[in-house]
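Residue numbers (my numbering), protein chains in the order written: chain C, -7 to 471; chain Y, -7 to 471.
Just so you know, even glycine gets a beta-carbon here, dropped at the ideal spot from N, CA and C.
Take a look at the structure below.
Protein chains: 2
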Amino acid sequence: MDSEQLREYAHQMVDFIADYYKNIENHPVLSQVQPGYLRELLPETAPIHPEALEDVLSDVQSKIFPGVTHWQSPNFFAYYPSNSSIAGFLGEMLSAGINMVGFSWITSPAATELEMIVLDWLAKALNLPDDFLSTGLGGGVIQGTASEAVLVVLLAARDKVLRSIGKDALGKLVVYSSDQTHSALQKACQIAGIHPENCRVLKTDSCDDYALSPKALSEAITHDLSVGLVPFFLCATVGTTSSTAVDPLLALAKIAKDNGIWLHVDAAYAGSSCICPEFRHYLDGVEEADSFNMNAHKWFLTNFDCSALWVKDRSALILSLSTNPEFLKNKASERNLVVDYKDWQIPLGRRFRSLKLWMVLRLYGLENLQAYIRNHIKLAGLFEELVNQDSRFEIVAPRKFSLVCFRLLHQQDDDSANKVNHDLLDAVNATGRIYISHTVLSNKYTLRFAVGAPLTEEKHVVDAWKILQDEASTLLRSL
Amino acid sequence: MDSEQLREYAHQMVDFIADYYKNIENHPVLSQVQPGYLRELLPETAPIHPEALEDVLSDVQSKIFPGVTHWQSPNFFAYYPSNSSIAGFLGEMLSAGINMVGFSWITSPAATELEMIVLDWLAKALNLPDDFLSTGLGGGVIQGTASEAVLVVLLAARDKVLRSIGKDALGKLVVYSSDQTHSALQKACQIAGIHPENCRVLKTDSCDDYALSPKALSEAITHDLSVGLVPFFLCATVGTTSSTAVDPLLALAKIAKDNGIWLHVDAAYAGSSCICPEFRHYLDGVEEADSFNMNAHKWFLTNFDCSALWVKDRSALILSLSTNPEFLKNKASERNLVVDYKDWQIPLGRRFRSLKLWMVLRLYGLENLQAYIRNHIKLAGLFEELVNQDSRFEIVAPRKFSLVCFRLLHQQDDDSANKVNHDLLDAVNATGRIYISHTVLSNKYTLRFAVGAPLTEEKHVVDAWKILQDEASTLLRSL
Chain C
-7 MDSEQLREYA HQMVDFIADY YKNIENHPVL SQVQPGYLRE LLPETAPIHP
43 EALEDVLSDV QSKIFPGVTH WQSPNFFAYY PSNSSIAGFL GEMLSAGINM
93 VGFSWITSPA ATELEMIVLD WLAKALNLPD DFLSTGLGGG VIQGTASEAV
143 LVVLLAARDK VLRSIGKDAL GKLVVYSSDQ THSALQKACQ IAGIHPENCR
193 VLKTDSCDDY ALSPKALSEA ITHDLSVGLV PFFLCATVGT TSSTAVDPLL
243 ALAKIAKDNG IWLHVDAAYA GSSCICPEFR HYLDGVEEAD SFNMNAHKWF
293 LTNFDCSALW VKDRSALILS LSTNPEFLKN KASERNLVVD YKDWQIPLGR
343 RFRSLKLWMV LRLYGLENLQ AYIRNHIKLA GLFEELVNQD SRFEIVAPRK
393 FSLVCFRLLH QQDDDSANKV NHDLLDAVNA TGRIYISHTV LSNKYTLRFA
443 VGAPLTEEKH VVDAWKILQD EASTLLRSL
Chain Y
-7 MDSEQLREYA HQMVDFIADY YKNIENHPVL SQVQPGYLRE LLPETAPIHP
43 EALEDVLSDV QSKIFPGVTH WQSPNFFAYY PSNSSIAGFL GEMLSAGINM
93 VGFSWITSPA ATELEMIVLD WLAKALNLPD DFLSTGLGGG VIQGTASEAV
143 LVVLLAARDK VLRSIGKDAL GKLVVYSSDQ THSALQKACQ IAGIHPENCR
193 VLKTDSCDDY ALSPKALSEA ITHDLSVGLV PFFLCATVGT TSSTAVDPLL
243 ALAKIAKDNG IWLHVDAAYA GSSCICPEFR HYLDGVEEAD SFNMNAHKWF
293 LTNFDCSALW VKDRSALILS LSTNPEFLKN KASERNLVVD YKDWQIPLGR
343 RFRSLKLWMV LRLYGLENLQ AYIRNHIKLA GLFEELVNQD SRFEIVAPRK
393 FSLVCFRLLH QQDDDSANKV NHDLLDAVNA TGRIYISHTV LSNKYTLRFA
443 VGAPLTEEKH VVDAWKILQD EASTLLRSL
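Okay, structure coming up:
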């Protein structure tokens, strides 16, 4: 680790990466390689002797890039976005340069304190209730992903109720969500040992725009209580993965509160939009939630990973996740003067992730971040309009944010209609010119067009629609 | 995300980071700030308007750095090392630049395939059994930390046994480890719902060099079986955190096998040394283990985080951790042609971490990596010699790798001796010139001197010893 060699090589890498962005549209968005392609291109063992950086970079270009699905391409419209930005990238560089492991306050006080401060900033920008600020009994923490966020709060809620009714009652605990809730909740339940038959996946409907029905929730709770089960956790979503459905937080929160249920709000994707006053109403009711999560690494210009979680009662997290081995004891921790984030998360070690979020907030400012969100929502609105103008297509679910759910109409039976849309998806993605993904809503195979890559401009949306129309025409002719 | 602005700003950041390394010895190693220091230096809310990069970097220098504990300083001897290197740093940069989310093969085939290949490379360099290679039924995966590694295999083992005896038997499952096992196991047990009274923490002893006793294990298993409990998981350690104790894998593996117990080997720190033939014998017996873990981010020049986990039966992991939501379905996965690493880990999303490990292996080569390890072990040997030459000190546990456990002798009672060593630790760390940490062995407060920062040279070790001697002299005079 010679600082001058670092300087020389890292400058080379900067140019390599800047060139990557400059030419990103020359790559197929969705990698077109076949499974196992890379093993044929690389040796079977690690080299004994050192190799040159030039050779490695040349291999990245010729062997790695063909296998990359380019999430930063302006033509990436699949899943939800995973933003990279100059500020986010610089933050990652700095964090990797300092390369400290911030499990306890003492192992780098700035890492813990900056995280507390920046999550307070973000909480204020989202107009979250003061209970979520680090200055009270709650606070924010950066998790790797929304999966880890929902897992740690599920564990906190599980242990809280088991402390009062006894740990042998695990088999009685019931978790509530909708059939639109992200699979991360199911995984968290598997990990936490919640019995699968006690995971209530409440059915949603197109007439409710796929939102969780408070009535269905109430009924399920009443039934569960009547058979001696223990309702303890509800996951509500603001902006579901399939269709950006928004669960009615106010009504759900009331039911949760009446029944002593931990309410977690998953706004992994749509949370970012709530820094704009005109979208903040989607969070109304979050005041009554026990925990709230949004992914800054999705649609908030912060490189992956950076999932922001806030809780009202940090002691519940700490009771579930803390250990106190001798080799980590230190004065500041023992005197309870500090936050040790190791006790708020699954892993022990943690990176300095607050740096990148801090740099995003400072280098762009809230005004530009709002403009960024609004522009993507406008572009999605444009795409929706284009779909509406072509009578061969239909919009499948109402658009609220930057995702459009649509499909090709087909006069045959449901199965054929689904197959046509599946074929259209494959055909479009095989062009390598755009990448979109799909879902199924009310048994309808549905195409998802998610705007959100930082490089996406109006022309990319217009071109994407042209590609979709052309592929649809070809497909319909072949039937 | 303009590529030319990225280029300009990132070049600035490279110089900032290279300068940081150049001047790293000018900072106190252990941050000397007081709890809450940063809140007074930063505004209460995020800025509305954008700020300049210069201002942010100036704040990093004046406000963040004083709160950083400099893990990359050549004078960092605390805990275990967390290596940064040019190759590791470049790999982080590239990964942050591509910024893809590799949960499924299709979302970037190169990310999954490079990870499989590079972990096969590392398995071969460690001479792990072929069962751990991805070409068979097992394979390697990069986890964030050793905590996550032990958690996922504990879950796999838990669910495997519960599938055969029924999920209501959770309260009967017993986990075995020693009192030297890392606290990550305790945390994993808390998460997995293993009852605390079924976590057997077997006592170790100085006469066994703090290694887990096969006899004690056998006896515990026999007793547990006799009362109807179900032994199912054993965590053995090669290189414990307190003192680098090595559990006798061969004997333990036999007992585990005879009782159908999942054997996990945690070599988070010492595993790196086993790429040297002369240290490989510490892993003898790993052939019979079900899973094996070593942290490339500790002592293998790969920036945090990069914890390498291998399993023999990947299907056990997948059965515990997979979910299959509609919005992630794709041809390659449905045809079972590919590995989807989302089903081998807690989170859904994952970074392109194999890049940095690949770059470390290629830019240094195994020969240099071996020389790197040997040099640190030699330096630790030198430190041990220096301690031995000063009759005021004693070595507390035998040195096997690059950690020296030692303490100041004190003629008074045990409590006073412990207090003197505690005071010595505080005094030394308060100088800001070196940072060491501690543990307790057989009730003795013990100082830990872990060599392993890439910048550490002989002069740093010699100087560190001088500081320790001087502070000890001052302390002893004051008594």
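Whole-angstrom distance between A180 (chain C) and F284 (chain C), CA atom to CA atom: Between F284 (chain C) and A180 (chain C), the alpha-carbon positions lie close to 16 Å from each other.
Could you give the C-beta distance for A184 (chain Y) and G341 (chain C), rounded to a whole number, given that I count them as a contact under 8 Å? A Cβ-Cβ separation of about 20 Å leaves A184 (chain Y) out of contact with G341 (chain C) under the 8 Å criterion.
Beta-ladder partner(s) of L255 (chain Y), from DSSP: According to DSSP, which records beta bridges pairwise, L255 (chain Y) is partnered with Y:L226.
Run through chain C and tell me which residues come within less than 7 Å of Q178 (chain Y), C-beta to C-beta. Those within 7 Å of Q178 (chain Y) in chain C are T315.
Same chain only: Cβ atoms within 6 Å of K164 (chain C), ignoring 5 sequence neighbours per side: L221, V222, listed in sequence order.
Output the distance between the C-alpha atoms of R391 (chain Y) and P66 (chain Y), rounded to the nearest integer angstrom. For R391 (chain Y) and P66 (chain Y), the distance between alpha carbons rounds to 21 Å.
Rounded separation between L400 (chain C) and T99 (chain Y) - CA only: Straight across, the Cα-Cα distance linking L400 (chain C) with T99 (chain Y) is about 25 Å.
Three-way DSSP call (helix, strand, coil) for Y427 (chain Y) in this model: Three-state result, Y427 (chain Y): strand.
H256 (chain C) touches chain Y at which residues, Cβ-Cβ below 9 Å? Counting only Cβ-Cβ distances below 9 Å, H256 (chain C) has no contacts in chain Y at all, with the closest Cβ about 16 Å away.
Since S234 (chain Y) contacts Q172 (chain Y) with CB under 8 Å, what's their CB separation in whole angstroms? The pair is a contact, with the Cβ atoms about 6 Å apart (cut-off 8 Å).
Which parts of the region 405 to 459 of chain Y are runs of the alpha helix (DSSP H), unbroken and 4 residues or longer, counting only runs that do not cross its ends? Runs found: 406 to 422.
Note down, one range per segment and in chain order, each alpha helix (DSSP H) of at least 4 residues found wholly within the region 129 to 202 of chain Y. Inside the region 129 to 202 of chain Y, DSSP marks whole alpha helix (DSSP H) runs of 4 or more residues at positions 138 to 157, 175 to 184, from first to last along the chain.
Could you name the residues that DSSP lists as bridge partners for S283 (chain Y)? Beta-bridge partners assigned by DSSP to S283 (chain Y): Y:H256, Y:V303.
Contacts that F441 (chain Y) makes with chain C (C-beta to C-beta distance below 9 Å): Listed along chain C is no residue with a C-beta nearer than 9 Å to that of F441 (chain Y); the closest approach is about 13 Å.
So W302 (chain Y) and L120 (chain Y) are in contact, right, with Cβ under 8 Å, and what is the actual spacing, rounded? Going by Cβ atoms, the distance from W302 (chain Y) to L120 (chain Y) rounds to 6 Å, so yes, they are a contact pair.
Could you work out which residue in Y:C266, Y:N287, Y:F385 is closest to F393 (chain Y) when comparing CA atoms only? It is Y:C266 whose Cα lies nearest to the Cα of F393 (chain Y).
Count the C-beta pairs between the region 224 to 231 of chain Y and the region 254 to 264 of chain Y that are closer than 8 Å, then say yes if the count reaches three, no if not. The region 224 to 231 of chain Y vs the region 254 to 264 of chain Y: in contact.
Between the Cα of F344 (chain Y) and those of Y:H19, Y:P42, Y:M85, Y:S383, spot the shortest distance and give me the residue it belongs to. Residue Y:M85 holds the alpha-carbon nearest to the alpha-carbon of F344 (chain Y) among Y:H19, Y:P42, Y:M85, Y:S383.
Three or more beta-carbon pairs under 8 Å between the region 411 to 426 of chain C and the region 18 to 33 of chain C, yes or no? Output reads yes: the region 18 to 33 of chain C touches the region 411 to 426 of chain C.
Chain Y contacts made by the region 152 to 185 of chain C, where a contact means CB separation under 8 Å: Within the region 152 to 185 of chain C, the residues whose Cβ lies closer than 8 Å to any Cβ of chain Y are, in chain order, K159, D160, L162, G163, H174, S175, A176, Q178, K179, Q182, I183, A184, G185.
Given a limit of 8 Å on CB to CB distance, which residues of the region 118 to 140 of chain C reach chain Y? From the region 118 to 140 of chain C, only G136, T137, A138, S139, E140 have a Cβ closer than 8 Å to chain Y.
Interface residues of chain Y around V25 (chain C) at Cβ under 9 Å? Residues of chain Y whose Cβ lies closer than 9 Å to the Cβ of V25 (chain C) are, in chain order, P101, A102, E105.
Listed in chain order, which residues of the region 327 to 342 of chain C have Cβ atoms closer than 7 Å to some Cβ of chain Y? If the cut-off is 7 Å between Cβ atoms, the region 327 to 342 of chain C has L329, V330, I338, P339, L340, G341 near chain Y.
Do the region 321 to 333 of chain Y and the region 78 to 98 of chain Y make contact, defined as three or more Cβ pairs closer than 8 Å? Yes, they touch.
Residues of the region 51 to 63 of chain Y in Cβ contact with chain C at a cutoff of 9 Å, in chain order, please. Those would be D51, V52, K55, I56, F57, P58, G59, V60, T61, H62, W63, in chain order.
Could you work out which residues of chain C lie near A324 (chain Y), taking near to mean beta carbons separated by less than 8 Å? Simply P27.
Is the Cβ-Cβ distance between A70 (chain Y) and S299 (chain Y) less than 8 Å? In this structure, S299 (chain Y) does not lie closer than 8 Å to A70 (chain Y) by Cβ.
Give the DSSP-derived three-state secondary structure of I387 (chain C) in the structure shown. The answer is strand: DSSP assigns I387 (chain C) an E or B state.
Amino acids of chain Y, ordered along the chain, whose beta-carbon sits closer than 9 Å to that of V21 (chain C): Correct list: empty, because the minimum Cβ distance to chain Y is about 11 Å.
Quick one: what does DSSP say F68 (chain Y) is sitting in, helix, strand or coil? DSSP places F68 (chain Y) in strand when its eight states are reduced to three.
C-alpha gap between L309 (chain C) and L30 (chain C), whole angstroms: Each residue's alpha carbon lies about 42 Å from the other.
Whose C-beta lies closer than 7 Å to the C-beta of P240 (chain Y) among residues of the same chain, with five residues either side of it excluded? Cβ within range, chain order: A203, P206.
Proximal residues to S76 (chain C) (C-beta, below 6 Å), its chain only, five neighbours per side dropped: Around S76 (chain C): Q64, N295.
Can you confirm whether Q(-3) (chain C), when its beta carbon is compared against all beta carbons of chain Y, has any partner nearer than 8 Å? For Q(-3) (chain C), the closest Cβ of chain Y is nearer than 8 Å.
Reduced DSSP secondary structure (H/G/I, E/B, other) of R366 (chain Y): Residue state, collapsed to three classes: helix.
With a threshold of 8 Å between beta-carbons, can P269 (chain Y) be considered close to chain C, or not? At least 8 Å separates the CB of P269 (chain Y) from every CB of chain C.
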